[in-house]
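Number of protein chains: 2
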Amino acid sequence: MTTARSKSGNPKRDGKAGNLRTEQKAQTRALILQCALEVFAERGFDGASVRDIAGFAGVNHGLIRYHFADKDGLWKAAVEFLFNRLHEEMAAPPEDAKLAPLEQTKSWIRRYVRYCARHPEHARIMVQESIRDSDRLRWAVKRFIKPDNEETRRRFRRLVEEGVYPDIPEHSFNYIITAAAQSMFMLANEMKYIYGLDVASDDVVDAHAEAIITLLFDHRARRAAVRRPKS
Amino acid sequence: MTTARSKSGNPKRDGKAGNLRTEQKAQTRALILQCALEVFAERGFDGASVRDIAGFAGVNHGLIRYHFADKDGLWKAAVEFLFNRLHEEMAAPPEDAKLAPLEQTKSWIRRYVRYCARHPEHARIMVQESIRDSDRLRWAVKRFIKPDNEETRRRFRRLVEEGVYPDIPEHSFNYIITAAAQSMFMLANEMKYIYGLDVASDDVVDAHAEAIITLLFDHRARRAAVRRPKS
DNA sequence: CTAGCTGCTATTCAATTGGATAACCAAATT
DNA sequence: AATTTGGTTATCCAATTGAATAGCAGCTAG
């Protein structure tokens with residue numbers, strides 16, 4: 025990867041932000057954040073050096089202290105960005121409201137698998153942090169993960185109450201579903217070496233979403249599938 | 025955690041190894057390996073310092089160079105130990121041979137989930153390494169992961185050919201199953217903070233295995249379960 | 001047009017790290 | 001008993017790291 029910033033970034037005043045310097049500042053901040061996401065995801069909090077992140081963004085490493093106080097602040101800002109983007113990109117389309125709960129869940133799975141494929145950094149960062157049991161993990165759980173989780177829980181409980189889903193433990197449901205969606209993209213490198221397969225392809229992504237739905241959410245389709253073995 | 029080695033470890037000659045020094049040496053090596061597994065799992069390759077590992081084992085850090093040449097050698101020795109133990113502990117009991125393929129697979133799932141619960145270091149080490157795309161990953165894939173994977177593949181293909189399982193992509197099957205089994209234990213810290221649940225309990229482990237089987241391998245049980253919603 | 005604020009850079013510092021070397025000393029060999 | 005071997009320790013070294021500080025340059029306000 026090459027450095028991401030050209031010396032002559034001269035944005036004039038196209039945004040409504042008015043002031044040239046504050047606009048420039050916001051841009052720089054966003055750039056550092058982007059690079060921090062990639063580097064944190066690839067090397068973990070300890071493995072990522074602020075110098076690498078700065079170098080990758082093409083800025084002086086002192087700037088990180090200026091914008092984010094310290095490495096911890098940078099990490100939290102990056103994770104905050106990550107979850108905000110998640111919520112934006114995972115918003116259900118309005119027409120989903122008319123669907124039955126199980127169909128809504130399938131739609132949610134498709135969106136989530138595509139999100140995982142598009143942004144593998146998310147799972148990579150959070151898994152590494154979760155393994156380490158840091159203050160950062162507690163912060164992220166309280167602030168983002170647990171609230172998001174409540175939603176998944178409600179979704180699951182509704183399926184069970186409607187009698188369209190087996191009543192397994194909530195936490196098992198949660199980890200089975202999310203891990204099934206994330207893992208292939210989180211472990212894209214491994215998969216590359218095992219299967220020689222690049223996960224970038226839309227076909228692979230969509231087929232994976234459908235596989236999850238077939239195995240975990242679609243009784244009828246599944247029974248049909250297993251009754252008609254290939255050739 | 026405290027240091028793991030007492031100064032007065034005096035093993036006499038109880039093993040058949042004969043020579044006192046070589047026996048002592050093997051013990052020290054094994055001790056370092058154990059500690060390396062834990063520290064590598066918790067902090068990743070870069071985050072783990074050989075000094076921490078040595079300190080944790082209660083030995084001088086120079087010893088690691090003597091026994092394993094360098095940090096890379098230590099990591100590979102630890103991973104080799106890890107996979108050898110996996111193969112030992114995952115061996116199918118002889119009576120499994122009489123079962124139908126689907127039942128064999130369920131038995132395999134139960135064994136694997138218990139293994140993941142007993143040794144969460146395994147998934148933790150390998151996931152972190154896979155995220156980073158290192159030489160070590162390529163080494164481990166070629167030497168351990170890919171061969172193990174071939175077996176899972178064969179198991180899956182047999183189920184499909186017998187018409188008892190839907191014909192999804194092999195790599196999707198692989199990542200869905202293994203991730204479903206590993207993730208809860210790999211992410212035990214996160215789960216602790218979200219659910220206040222300790223994964224150490226056998227009940228949680230066995231229930232998770234059964235949940236996976238219900239969702240992914242047991243059509244009849246699943247249909248029965250969804251037909252009788254709780255109260 | 002000028003003064004000063006501010007986004008940014010250059011440099012320094014102490015701590016930690018992987019690795020290398022030499023000395024040590026108990027066990028093994030003679 | 002004397003000597004060699006080899007597992008272990010103590011120390012040193014260069015590189016990297018997070019953080020801190022001082023200073024610069026150009027936009028902005030007056």
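First to last, the protein sequences are chains W and V. Position one of the first sequence corresponds to residue 25 (the numbering used here), numbered consecutively onward. Position one of the second sequence corresponds to residue 25 (the numbering used here), numbered consecutively onward. Just so you know, even glycine gets a beta-carbon here, dropped at the ideal spot from N, CA and C.
Query raised in the report: In terms of residue numbering, what span does the alpha helix (DSSP H) encompassing Ala141 (chain V) cover?
Result: 125–142
Query raised in the report: Is the distance from the Cβ of Gly68 (chain V) to the Cβ of Gly82 (chain W) below 8 Å?
Result: no
Query - Test: Pro253 (chain W) CB closer than 8 Å to a CB of chain V - result: Because the pLDDT of Pro253 (chain W) is 44, which lies under 50, any placement of that residue in the model is unreliable, and the question is left without a value.
Query raised in the report: Can you tell which of V:Ala78, V:Ile155, V:Phe107, V:Asp120 has the C-alpha that lies nearest to the C-alpha of Met208 (chain W)?
Result: Selected option, being the one with the closest Cα: V:Ile155.
Query raised in the report: Any idea if Arg138 (chain W) is buried or exposed, counting beta-carbon neighbours within 10 angstroms, 16 or more meaning buried?
Result: buried
Query raised in the report: When burial is assigned at 16 or more other CB atoms within 10 Å of the CB, is Gly39 (chain W) buried or exposed?
Result: Low confidence applies here, because Gly39 (chain W) scores a pLDDT of 37, under 50, leaving its location unreliable and the question unanswered by this model.
**Report entry** Amino acids of chain V, ordered along the chain, whose beta-carbon sits closer than 8 Å to that of Ser196 (chain W)
**Finding:** Met208, Ala231, His232, Ala235, Ile236
Query raised in the report: Buried or exposed: Asn213 (chain W), going by 16 or more other Cβ atoms within 10 Å of its Cβ?
Result: buried
Query raised in the report: Which value, in whole angstroms, describes the spacing of the CA atoms of Ile237 (chain W) and Ala224 (chain V)?
Result: 30 Å
Report task. Please decide whether Glu104 (chain W) counts as near chain V, where near means a Cβ-Cβ distance under 8 Å. Result -> no
Query raised in the report: According to the Cβ coordinates, are Met210 (chain W) and Arg148 (chain W) closer than 8 Å?
Result: yes
Requested in this report: Determine the direct distance from the alpha carbon of Asn43 (chain W) to that of Asn173 (chain V), and round the result to whole angstroms.
Outcome: 57 Å
Query - Backbone secondary structure at Ser225 (chain W) - three-state DSSP - result: coil
Query raised in the report: Which stretch, first to last residue, makes up the alpha helix (DSSP H) that contains Asn213 (chain V)?
Result: 212–219
Report task. Compare the Cα-Cα distances from Gln48 (chain V) to each of V:His91, V:Leu123, V:Ser131, V:Lys130 and report the closest residue. Result -> V:His91
Query raised in the report: Taking Cβ positions only, does Tyr139 (chain W) come closer than 8 Å to chain V?
Result: Not an interface residue.
Report task. Return the CA-CA distance between Glu104 (chain V) and Arg135 (chain V), expressed in angstroms with no decimal places. Result -> 20 Å
Query raised in the report: Secondary structure at Gly97 (chain W), three-state DSSP: helix, strand or coil?
Result: helix
Query - Extent of the continuous alpha helix (DSSP H) to which Arg50 (chain V) belongs - result: In the sequence as presented, Arg is not what sits at residue 50 (chain V); that position holds Ala. Run containing Ala50 (chain V): 44–71, per the alpha helix (DSSP H) assignment.
Requested in this report: Check each candidate in V:Ser196, V:Ile201, V:Val228 and name the one with the smallest Cα separation from His232 (chain W).
Outcome: V:Ser196
**Report entry** Alpha carbon of Glu194 (chain W) to alpha carbon of Arg177 (chain W), nearest angstrom
**Finding:** 7 Å
Report task. Let me know the secondary structure DSSP gives Gly86 (chain W) once reduced to three states. Result -> Under the three-state reduction of DSSP, Gly86 (chain W) is assigned to helix.
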